[in-house]
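Engineer: Residue numbers (the working numbering), protein chains in the order written: chain U, 447 to 761; chain S, 13 to 347; chain V, 402 to 691.
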Amino acid sequence: MGRFIILRVGRALITIALVVTFAFIVLRLSGDPAQIILGPEAPPEVLAAFRRAWGLDDPIWLQYLHYFGAIAQGELGRSMRDGRSAIEIVAERIPITLALTVPALVLKLGIGIPAGVYAALHRGSLTDRIVMIVSVAGFTIPSFVLGLTLVLVFAVQLGWLPSGGQDSWRHAILPILTLGIGGAAILARFTRSAMLEVLGQPFIRAASAKGVPWQDVITRHALPNAAIPTVTIIGFMVGTLIAGAVVVESVFSWPGVGRLLVVAVANRDLAVVQCILLLVAATMVISNLIVDFLYGFLDPRLRSAKGQKAAGGQP
Amino acid sequence: MTSANAEPLLLARNLRRVYQSRRGMFGAPSLVRAVDDVSFDILPGETLGIVGESGSGKSTMGRLALGLETPDRGSVRFRGSPMPMPSTAEWRTLRQRMQMIYQDPLGALDRRLPVLTQIREPLDIHHPREHHGNQVKAAEMLARVGLSREQGARYPHELSGGQRQRVVLARALMTGPDFLVCDEPVSALDVSIQAQVVNLLIDLQTELGLAMMFISHDLRVVRQISKRVAVMYLGGFVEEGDADDLFASPLHPYTKALVSAAPQARSTNRHERIVLTGEPPNPANRPTGCAFHPRCGAAMPRCKEEAPALVPVGRERRVACHLYPAATSDQTRAA
Amino acid sequence: MTDHALASAKPAPKSLDHTRSRSVPIAVYLALAWLIGMVVIALLADVLSPYRFTAPDLRNRLSPPGNPLHWLGTDELGRDVMSRLFVSIRISLLIAFGAALISAFLGTVLGFVAAYFRGVAEQLVLMLADFQASMPFLILALSVLAFFGNSLPLLIGLMGLFGWERYARIARGLAISASAQGYASAIHQLGARPVRVYLRHILPNIASTLIVMMTLVFPEVILLESSLSFLGLGVQPPMTSLGNMVGFGREYITRAPWIMLAPAVTIILTTLAVSVLGDWLRDRLDPTLR
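(1) Quick one: what does DSSP say residue 587 of chain U is sitting in, helix, strand or coil?
(2) For residue 478 of chain V, I'd like the list of residues in its chain whose CB is within less than 6 Å of its CB, leaving aside the five on either flank, ordered along the chain.
(3) Taking the continuous alpha helix (DSSP H) assigned at residue 195 of chain S, which residues delimit it?
(4) Rounded to a whole number of angstroms, what is the C-alpha to C-alpha distance between residue 613 of chain V and residue 196 of chain S?
(5) Taking the DSSP output, what are the residues bridged to residue 475 of chain V?
(6) Is the Cβ-Cβ distance between residue 547 of chain V and residue 488 of chain V less than 9 Å?
(7) From the beta carbon of residue 590 of chain V, is the nearest beta carbon of chain S less than 9 Å away?
(8) Using alpha carbons as the reference points, say which of U/593, U/717, U/671, U/700 lies closest to residue 520 of chain U.
(9) Where does residue 463 of chain U fall in DSSP's three states?
(10) So, is residue 261 of chain S buried or exposed, given that buried needs 16 or more other C-beta atoms within 10 angstroms?
(11) Under 9 Å between beta-carbons, which chain V residues line up against residue 121 of chain S? List them in chain order, please.
(12) Can you pull out the residues from the stretch 537-561 of chain V whose beta carbon lies closer than 9 Å to at least one beta carbon of chain U?
(13) Shorter than 9 Å from the beta carbon of residue 487 of chain V to some beta carbon of chain U?
(14) Would you mind stating whether residue 512 of chain V and residue 574 of chain V have Cβ atoms separated by less than 9 Å?
(15) Using DSSP's beta-bridge definition, name the partner residues of residue 377 of chain S.
(16) Which word fits residue 26 of chain S, buried or exposed, when buried means at least 16 other C-beta atoms lie within 10 angstroms of its C-beta?
(17) Among S/169, S/223, S/201, S/199, whose alpha-carbon lies nearest the alpha-carbon of residue 185 of chain S?
(18) For residue 580 of chain U, go through chain V and note every residue whose CB falls closer than 7 Å to its CB, in chain order.
(19) For residue 504 of chain U and residue 512 of chain U, I'd like the C-alpha separation in whole angstroms.
(20) DSSP beta-bridge partners for residue 524 of chain U?
(21) If we define contact as Cβ-Cβ less than 9 Å, is residue 588 of chain U a contact residue for chain V?
(22) Just the C-alpha distance for residue 688 of chain U and residue 603 of chain V, rounded to the nearest angstrom, thanks.
(23) List the whole-angstrom C-beta distance separating residue 428 of chain V from residue 677 of chain V, where the pair is believed to meet the contact cut-off of C-beta under 8 Å.
(24) Just by C-beta distance, which residues in the stretch 690-702 of chain U are closer than 8 Å to chain V?
(25) Find out if the Cβ-Cβ distance for the pair residue 403 of chain S, residue 189 of chain S is shorter than 9 Å.
(26) Can you say whether residue 452 of chain U is buried or exposed, counting buried as having 16 or more other CB atoms within 10 angstroms of its CB?
(27) Would you tell me roughly how many angstroms separate the C-alpha atoms of residue 637 of chain V and residue 630 of chain V, rounded to the nearest one?
(28) Quick one: which residues of the stretch 720-739 of chain U get their C-beta closer than 8 Å to a C-beta of chain V? List them in chain order.
(29) Leaving out the 5 sequence neighbours to the left and right, which residues in its chain are closer than 6 Å to residue 409 of chain V when beta-carbon positions are compared?
(30) Name the chain A residues that come within less than 7 Å of residue 634 of chain U, Cβ to Cβ?
(31) For the alpha helix (DSSP H) containing residue 695 of chain U, list its first residue and its last residue.
(32) Just the chain U side, please: which residues come within less than 8 Å of residue 655 of chain V by C-beta, in chain order?
(33) Please confirm if residue 116 of chain S has its CB atom under 9 Å from at least one CB of chain V.
(34) For a quick check, are the C-beta atoms of residue 643 of chain V and residue 490 of chain V less than 9 Å apart?
(35) Are there three or more Cβ pairs, one per stretch, closer than 8 Å when the stretch 563-576 of chain U is compared with the stretch 650-669 of chain V?
(36) Check the Cβ-Cβ distances between residue 576 of chain V and every residue of chain S, and say whether any is below 9 Å.
Listed below in structure tokens is the structure:
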């Protein structure tokens, strides 16, 4: 078990290191940051001063090490626009985003999982078909189209809800719905197929043949086993709590992390972009770790099976 | 009848192959000796049959003999030169001289290509420029293994098991090899088809002067095709000798058990049928001393401690058993 | 669970999709017809467009659909929505096709490299694949665009990084199982070089799986491109794409929703069509992929 934890945590750290490296490579490949920030007309002595200030004159490996060191110390740079600390700028947006994504996650889980389980248990029924059609729509309708359609109906035609902004809780309803509906559809489809897969397994038939009441077969055997693949996708959804609303926030002019990212990208505010990138990576990695441990909890066999595969050996 | 003046085609000395296996993520790695200290020669045109249960290391032996795997200890020499490392240019060139026939012909063929194209492939690999010539030779070979032109245009899954094995055989013979390793070539086939394929193999062997290593668990088939036979048990030879002689008067208790268990055509039933007791051999959990002793009816205390060496008994026979002490010295070795 | 649930659920698990007959479902025909239509429009956009997609018609600004001069209406500058739609389809499909091909190629090559070399190379590929799969691609793409600005080739190349890990994992898995036993090791044993084994034998054998995978990734590429363009960070004006049209059309959502609806419907139907086709292909060619 100890080894399992160490391996997973090690992998998580490697992922973070990869993201940092990715950010560094992209940053350096993109050309001269000084030129980008200060513009082509900047006088040479200003450029030189800027380079010195940001350590751009050092050899590349030294810059790389400094970069790692700075990030390890939580120094993620300042916004190149207004000079405020990037962390500060991003941090004040996080609660605003979570105000959308957390209720949306509750909505996804609350609708998606029951709908998927119900559809699997009533396979072929009208409800099943409706769930399937809606979930296909959830896959194929981009969130900005869904969001704009909701705006068109509830804000423009009916006038019930505001179409954008962040002034009251009523402003949050449409974005939360947009996020929730799409995610719920995906989760429902996933849960349904995981559930069907499990229901097709011999041990389910064996359990019901043994005379175990069907309800117990479902709650004791089918649901825990169907939960294993479903946990992965939920883990991914948890991981995107911070970054999953980029498009929806833009549709509804919601001033969260996603909106900040889009604006920062458009303005080439590199420190802010990089800070959000790392924040997202950290969230993803942590939620992946939790999923891995949940896996171990839900299905102890999985660890040894994976271990055997990793060990390899005989060709 | 191993005439002393004939130069061996293949010369294997003290071969050992060890696999690492690990049970789960947390288990300590354990070493499995698939082949342990095996030596043999194969003369040009001669067939060596290898008999043994599954897990006895027969297939690994075949792969070592072909140079598909490198032994951890010992060496293989082919026509006087050491076997090159796998996947080197030298090794690839040498493939023209030695080939393999597989147990599962469908698996050994590419299901996306017509079989004639696959028969031609060895020539395309080694002589890529001679398109037309290759095609003609492949068509000849197709006829030689008893397949029609029309069958040559089919895909592997459209042929029967016996026909597929003929295709594999044709492909193996395209470059005119001197040495063939047949790993259970007929055990996946119907009994009626087995005889046809074995006869074809014998015909082609005499015609082409092929040397073969014929691996099987089926004594009847091995006896039919082999001049000499070696019996393997847990990675080592327990007995080796002339095929007819060995099957007529087996010496090693394991060989005796095998021979008595085999269905006899001309049943004079001289022997009682010996039924092997105990666990079937597991290479991962190898007994001390003689590997066979837990299942051996004639086991002595010595067998538990000391592994017997393969020593000559009589003119043509070598046996690894404490019941048959060799006339010569060096009969023991460290386990 | 009610008794009703019990009755209807019990027989279900036996076989997953046996009700689906061997004949081609009508939805697949419709999907195919739609996609062919899209490809034709993309190829013949210049011929089919009644106007240049940038040509303004100042007398007919924000004209609703049904105008005899502009069947799908016009936008705020009086540009013909249908002409813009056709060009957008061309650009969006070009990006999606290009990206899908790049990622299939990249993923397959890396998967083969992992399968052939094993060891460190394999671990590296798997690590990159894990990384790619665990990061939301939109965020990675946005960061790259932040640093590089954008251009059409860059956009295609960037989108070409999307989904490579799925091809890589599959190509690696299939190549390893093929070379562990069976035809690939037999060919190797004949003396063939690895390039021959991989390109002439393994690749054709796993091509159908890769094609199915492509149809599964393709809709996501379209959605990704349209999201980026919608955010104003993908295709840049004066060039136009489907997502781009929706993005600019939303300014006029109250007065002229058709500007936004025409490309939105096109996106939905196209992704839907590819998904339907992909699911059907998967069931037919490779049921193991799920």
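All C-beta atoms, glycine included, are put in the ideal place defined by N, C-alpha and C.
Structural biologist: Judging by the given coordinates:
(1) coil
(2) 457
(3) Segment 191-195 is the beta strand (DSSP E) holding residue 195 of chain S; no alpha helix (DSSP H) there.
(4) 37 Å
(5) V/481
(6) no
(7) yes
(8) U/717
(9) helix
(10) exposed
(11) 583, 584, 587
(12) 537, 539, 540, 541, 543, 544, 545, 546, 547, 548, 549, 550
(13) no
(14) yes
(15) The first residue shown for chain S is 13 and the last is 347, placing residue 377 of chain S beyond what the model contains.
(16) exposed
(17) S/223
(18) Neighbours of residue 580 of chain U on chain V: none; closest Cβ ~13 Å, over 7 Å.
(19) 10 Å
(20) U/531
(21) yes
(22) 42 Å
(23) 5 Å
(24) 690, 692, 693, 696, 697
(25) With chain S covering only 13 through 347, there is no way to say anything about residue 403 of chain S.
(26) exposed
(27) 8 Å
(28) 720, 722, 723, 726, 727, 730, 731, 734
(29) Only weak support is given to the placement of residue 409 of chain V: the predicted model assigns it a pLDDT of 36, under 50, and the value that follows is read from those uncertain coordinates. Taken in chain order, the list of residues that qualify is empty.
(30) No chain A appears in this structure, whose protein chains are U, S and V.
(31) 692-697
(32) 602
(33) yes
(34) yes
(35) no
(36) no
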